[in-house]
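Undergrad: In the numbering used here, the protein residues as written are 3 to 195.
In this text, a Cβ means the ideal position worked out from N, Cα and C, and glycines have one as well.
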């Protein structure tokens with residue numbers, strides 16, 4: 003299990019045309035299925051006059067939550083080629099929507115597969131791909147006299163501080179790379195009382 007994953011930042015667009023059919027591709031960084039549903043509803047509303055709004059998505063650092071949808075195209079000619087581009091680029095937390103305007107000439111199954119694959123590939127080619135880290139949340143409660151020792155560990159390990167409260171009983175919530183979380187917990191537990 004790695005603690006890094008590849009995704010895109012923001013939104014990118016791609017385009018492909020074949021025999022007067024137009025394929026408009028949109029790649030989005032997403033984190034939840036609810037976000038995906040909202041984006042899809044927006045595309046269906048915006049491109050209400052399009053023949054098909056096909057898509058594929060991949061979620062999670064383990065890349066186990068995914069879906070491909072052909073939206074009325076022949077089975078496996080739209081969603082699967084889009085998902086194939088996501089997989090071949092090893093991306094996650096991504097949604098690619100391809101909107102098709104029919105040009106009057108049937109492309110056949112192989113033509114459709116190529117068109118959806120190329121439109122998705124163009125959207126990915128225009129995207130900014132970045133590597134992100136899987137983070138783990140570490141909560142630690144301590145007494146005020148332990149503050150200096152705790153903050154020394156925080157300074158040395160450099161986790162991101164999410165929240166902190168200082169009173170008679172103090173609490174700090176940290177976010178750190180998953181592979182370093184056990185070491186951080188171990189060091190915090192060693193803080194003298």
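With residue 125 as the anchor, note down where its alpha helix (DSSP H) starts and where it stops.
TA: Here the alpha helix (DSSP H) through residue 125 covers 110 to 127.
Undergrad: Quick one: Cα of residue 3 to Cα of residue 48, how far?
TA: At residue 3 the pLDDT is 48, less than 50, meaning the model places this residue with poor confidence and gives no usable figure here.
Undergrad: Quick one: is residue 184 buried, meaning 16 or more other Cβ sit within 10 Å of its Cβ, or exposed?
TA: Per the 10 Å Cβ criterion, exposed.
Undergrad: When the distance is taken between beta carbons, is residue 137 closer than 8 Å to residue 180?
TA: Contact flag set, yes.
Undergrad: Are the beta-carbon atoms of residue 13 and residue 25 separated by less than 8 Å?
TA: It is not a contact, given that the beta carbons lie outside the stated cut-off.
Undergrad: Quick one: any contact between the region 103 to 120 and the region 158 to 178, if contact means 3 or more CB pairs under 8 Å?
TA: The region 103 to 120, when compared against the region 158 to 178, does not touch it at the 8 Å Cβ threshold.
Undergrad: So, with DSSP's three-state summary, where would you put residue 92?
TA: Of the three classes helix, strand and coil, the one that applies to residue 92 here is coil, per DSSP.
Undergrad: Nearest to residue 22 by CA position, among 103, 121, 139, is which residue?
TA: Residue 22 has its Cα closest to that of 103, out of 103, 121, 139.
Undergrad: With residue 157 as the anchor, note down where its beta strand (DSSP E) starts and where it stops.
TA: Element bounds for residue 157: not the beta strand (DSSP E) but the alpha helix (DSSP H), 149 to 159.
Undergrad: Which residues does DSSP pair with residue 107 in a beta bridge?
TA: Paired residue(s): none; residue 107 is not in a bridge.
Undergrad: How is the alpha helix (DSSP H) around residue 38 delimited, first residue to last?
TA: 35 to 48 is the extent of the alpha helix (DSSP H) around residue 38.
Undergrad: Can you give me the Cβ contacts of residue 135 inside the same chain, cut-off strictly under 7 Å, excluding the 5 residues immediately before and after it?
TA: Here the set comprises 5, 6, 179.
Undergrad: For residue 191, which three-state DSSP category applies?
TA: It is helical.
Undergrad: Touching or not, the region 52 to 66 and the region 79 to 95, by the rule of three or more beta carbon pairs under 8 Å?
TA: The region 52 to 66 is in contact with the region 79 to 95.
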